[in-house]
Amino acid sequence: MIEVRNVTKRYGEKAVVDNVSLTVRKGEITSLIGPNGAGKSTLLSMMSRLLKRDDGEITVDGQEVLAVKSDELAKKLAILRQENHISVRLTVRDLVSFGRFPYSRGRLTREDWKHVDRAIAYMELEPYTQRFLDQLSGGQRQRAYVAMTLCQDTDYILLDEPLNNLDMKHSVQIMGVLRRLVEELDKTIVLVLHDINFASCYSDRIIALKDGKLVRAGLTDEIIRTDTLAEIYDLTIPIEEIRGNRIGIYFR
Amino acid sequence: MSQADALSVRRAQKAAPALSPPARVLWVLFLIACVAVALYLTIGVTDWGFALPRRARKVLAMALVGFAVSYSTVLFQTVTNNKILTPSIIGFDALYVLIQTGMTFLFGAMFLVYLDARSLFLMNVGVMILFAGVLYRRLFGREGAHLYFLVLIGVVFGTLFSNLSNFMQRLLDPNEFLVLQTSLFASINNVDEDLLLIAVLSIAAVTLYSLRFAPYLDVLALGRETAINLGVEHAMTVNRLMIVIAVLVSVSTALVGPITFFGLLVANVAYQVMPAYHHRYLIPAAGLISVIALAGGQLLIERVFHFQTTISVVVNFAGGLYFLYLVLKQARSG
């Protein structure tokens, strides 16, 4: 369980995350949604100790993330940020193998390489293992980063817009993999998503932020409703039920 | 596992007794370095008993400086995730010049000449570590886009230091200025013997200390966020490495004076010739390349230019060209 209590982050006078409290339950996919600048990524960065906060506390399984040793936390919680720029020239396999660093400190065992190969297979990256990152398309690179994060094999996986740059097929593929990780391996996943329909189809719970404040948190069906979404996005989104999924039609 | 992968694994197993490509490159560099050093030691010797010990001392100085400069540059580039930065770009060299100029200005050139070399050395190292400690550690303690801020501050400080030095140099007596200028041009020829031992000791100590961070270097190169995610105590590690860098740069600058482009040159050549990203290959490669460059450069200076120039001129010329090449290459690909 990840607990966020009264967390605030200010840049100068402006609070980009303003007194937010929420709970992420174990064994579920929780999606963070909200308009641009709502503070979703900032919150995710604070949950994963990448960013210091000005106030409040964040615990993972009861331990404060800033107090627990960083290398211990790295075996428990992994984060993939929205923008990743690596100046080192790495192949896909090199990159994914870095996911094992918390366990192997760079000296990978046979067991570690098994994890690497499995993560590569999950992301269907086998044809590209020896390619350098700068020789890949945006989508392939994104999948390589996701593979590295999965390779870290943590209970908690935080992903900031993992569907960035991805076509429909690979978006669905990644969401499917995440769903499987939750069902089969009891992982806990927190996602920042922009497409409310992906959030609707794959998450157990949705947390909505707006202007740094938490506006709504609840089961997916409670959030994907025209009146709730209007409150979040200032946009009237008709919701249709199509084959058991609640789909928002926001295109026009 | 795909077929291609299976094939490459089988090939790797078959070729197991042979060296891996990065190891092979290291061996080649090692051999070239040996040849360069041997040539430097033996060419044109008439009186072996006189020449050999003197040249051997110079070789020791070269190895020390080469290692310190290349190691500190690679560490610095890893910590800052930027391959065209060197500790000197952000003001280290300028600080050294300022310390020397300031002392000449305050106490006169005779002070530089007569002061015990070891005290002078320790003073230089101390001030530079203090500078690195206060400035760089504080800047790196912050989060966010601090790199460009750091570079900017460093450039501003560097300019300030060199302007202060310039100002004081204008006021100096021409004779004193001449003495100062000789001490500022990097030269293997006038390495102080007393300094060699203390330099060996401090470099050895700081290198041993830095080994505890060795497993983190490859991860640090991936950037702050990735490193933290993978469990590196980033702020602490960077702080400690900055101290290591400060000591290495101070020692090499105090030994032979500022060699601005040298670190940039050897580190980038190492990245280019080494078919691996691992620091356990990059660092020795950069060290060997710097020994090759220093021994080769010194050979040129002594045999071709007959001591008419110093290594810093040669290095800055080659380094400047290479730097331009790097900038142009980045501009084209970016």
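Here the protein sequences come in this chain order: A and B.
Mapping to our numbering: the first sequence position 210 is 210, numbers consecutive.
One rule links them: number in our numbering = place in the second sequence (from 1) + 1000.
All C-beta atoms in this analysis are idealised placements derived from N, C-alpha and C, irrespective of residue type, glycine included.
Quick caveat, the model's predicted, so the values are computed rather than measured.
For residue i, three-class secondary structure by DSSP
{"i": "L1326(B)", "result": "helix"}
{"i": "T109(A)", "result": "coil"}
{"i": "G138(A)", "result": "helix"}
{"i": "D55(A)", "result": "strand"}
{"i": "A208(A)", "result": "strand"}
{"i": "A195(A)", "result": "Before going further, note that residue 195(A) is Asp rather than Ala in the sequence given. Residue state, collapsed to three classes: coil."}
{"i": "E184(A)", "result": "helix"}
{"i": "K169(A)", "result": "helix"}
{"i": "V68(A)", "result": "coil"}
{"i": "T91(A)", "result": "strand"}
{"i": "K1014(B)", "result": "A caution first: K1014(B) carries a pLDDT of 48, below 50, which makes its placement in the model unreliable, though a value can still be read off. Note: K1014(B) maps to helix in three-state DSSP."}
{"i": "G244(A)", "result": "coil"}
{"i": "T236(A)", "result": "coil"}
{"i": "D117(A)", "result": "helix"}
{"i": "K1058(B)", "result": "helix"}
{"i": "Y145(A)", "result": "helix"}
{"i": "G1334(B)", "result": "Its pLDDT being 48, under 50, G1334(B) is placed unreliably by the model, and the measurement read from it follows with that caveat. In the structure shown, G1334(B) sits in coil (DSSP, three-state: anything other than H, G, I, E or B)."}
{"i": "G1091(B)", "result": "coil"}
{"i": "I1153(B)", "result": "helix"}
{"i": "Y256(A)", "result": "Here chain A covers residues 1 to 252 and nothing more, so residue 256(A) does not appear."}
{"i": "A78(A)", "result": "strand"}
Environment of residue i [buried if 16+ CB atoms lie within 10 Å]
{"i": "M1110(B)", "result": "exposed"}
{"i": "D234(A)", "result": "exposed"}
{"i": "Y1114(B)", "result": "exposed"}
{"i": "E1225(B)", "result": "buried"}
{"i": "I237(A)", "result": "buried"}
{"i": "T23(A)", "result": "exposed"}
{"i": "H1306(B)", "result": "exposed"}
{"i": "I1259(B)", "result": "buried"}
{"i": "I29(A)", "result": "buried"}
{"i": "D277(A)", "result": "Residue numbering for chain A in the displayed model covers 1 to 252; residue 277(A) lies beyond these limits and cannot be assessed."}
{"i": "F1131(B)", "result": "buried"}
{"i": "Q1308(B)", "result": "exposed"}
{"i": "Q1272(B)", "result": "exposed"}
{"i": "N257(A)", "result": "The requested residue 257(A) does not occur in the structure, where chain A is confined to residues 1 to 252."}
{"i": "A1214(B)", "result": "exposed"}
{"i": "N1175(B)", "result": "exposed"}
{"i": "D259(A)", "result": "Given a span of 1 to 252 for chain A in the structure shown, any question on residue 259(A) remains unanswerable."}
{"i": "Y128(A)", "result": "buried"}
{"i": "R81(A)", "result": "buried"}
{"i": "K9(A)", "result": "buried"}
{"i": "R100(A)", "result": "buried"}
{"i": "R93(A)", "result": "buried"}
{"i": "G248(A)", "result": "buried"}
{"i": "K210(A)", "result": "buried"}
Candidates the options: closest to residue i by CA position
{"i": "G1223(B)", "options": "A15(A), L50(A), C151(A), S203(A)", "result": "L50(A)"}
{"i": "N165(A)", "options": "Q142(A), I157(A), V177(A), M175(A)", "result": "Q142(A)"}
{"i": "V1244(B)", "options": "S1165(B), V1079(B), L1052(B), L1019(B)", "result": "V1079(B)"}
{"i": "M148(A)", "options": "M123(A), V172(A), S171(A), Q130(A)", "result": "M123(A)"}
{"i": "S1290(B)", "options": "F1157(B), A1068(B), H1278(B)", "result": "A1068(B)"}
{"i": "G1231(B)", "options": "G39(A), E13(A), A78(A), D55(A)", "result": "A78(A)"}
{"i": "G84(A)", "options": "K14(A), V20(A), L219(A), D134(A)", "result": "As written in the sequence, residue 84(A) is Asn, which differs from the Gly given in the question. Among K14(A), V20(A), L219(A), D134(A), the Cα nearest to that of N84(A) is on D134(A)."}
{"i": "R1303(B)", "options": "Y1216(B), L1039(B), L1241(B), Y1325(B)", "result": "L1039(B)"}
{"i": "A1318(B)", "options": "V1269(B), L1265(B), L1300(B)", "result": "L1265(B)"}
{"i": "F1076(B)", "options": "L1180(B), P1021(B), S1210(B)", "result": "S1210(B)"}
{"i": "V1256(B)", "options": "G1066(B), L1326(B), T1237(B), M1103(B)", "result": "G1066(B)"}
{"i": "L181(A)", "options": "D94(A), H170(A), A119(A)", "result": "A119(A)"}
{"i": "L90(A)", "options": "T228(A), V7(A), R131(A), D167(A)", "result": "R131(A)"}
{"i": "F251(A)", "options": "G218(A), N197(A), D153(A)", "result": "N197(A)"}
{"i": "K1329(B)", "options": "K1083(B), G1102(B), Q1298(B), T1042(B)", "result": "K1083(B)"}
{"i": "S104(A)", "options": "I249(A), L136(A), C151(A)", "result": "C151(A)"}
{"i": "F1092(B)", "options": "V1025(B), A1056(B), R1054(B), L1160(B)", "result": "L1160(B)"}
{"i": "I242(A)", "options": "S200(A), D227(A), V4(A), L73(A)", "result": "S200(A)"}
{"i": "V1074(B)", "options": "A1036(B), A1293(B), Y1281(B)", "result": "Y1281(B)"}
Item to check | chain A contacts from the segment 1201-1225 of chain B (Cβ-Cβ distance under 7 Å) | outcome: P1215, D1218, V1219, A1221, L1222, G1223, E1225
Checklist entry - For the segment 219-246 of chain A, which residues have a beta carbon sitting closer than 7 Å to at least one beta carbon of chain B? => result none
Checklist entry - When Cβ atoms are compared, which residues of the segment 30-62 of chain A fall closer than 9 Å to chain B? => result S45, S48, R49, L50, L51, K52
Next on the checklist: Against chain B, which members of the segment 144-175 of chain A pass a CB distance test of less than 7 Å?
Outcome noted: none
Item to check | Contact set between the segment 120-135 of chain A and chain B, restricted to residues whose Cβ is under 8 Å from the partner | outcome: E126, P127, T129, Q130
Item to check | Against chain B: residues of the segment 64-77 of chain A by CB proximity under 9 Å | outcome: From the segment 64-77 of chain A, only K69, S70, D71, E72, L73, A74, K75, L77 have a Cβ closer than 9 Å to chain B.
Item to check | Cβ-based contacts, 7 Å cut-off: residues of the segment 1227-1247 of chain B near chain A | outcome: I1228, N1229, L1230, G1231, V1232, E1233
Checklist entry - Which runs of the alpha helix (DSSP H) fall wholly inside the segment 3-65 of chain A and span at least 4 residues, in chain order? => result 40-47
Next on the checklist: Runs of 4 residues minimum, wholly inside the segment 1167-1247 of chain B: which ones carry the alpha helix (DSSP H) assignment?
Outcome noted: 1174-1184, 1193-1210, 1217-1220, 1224-1229
Item to check | Where the segment 1275-1309 of chain B meets chain A: residues whose CB sits under 7 Å from a CB there | outcome: Y1277
Item to check | Cβ-based contacts, 8 Å cut-off: residues of the segment 1058-1084 of chain B near chain A | outcome: N1081, N1082, K1083
Checklist entry - Taking the runs of the alpha helix (DSSP H) that are 4 residues or longer, which of them lie wholly in the segment 1278-1327 of chain B? => result 1279-1299
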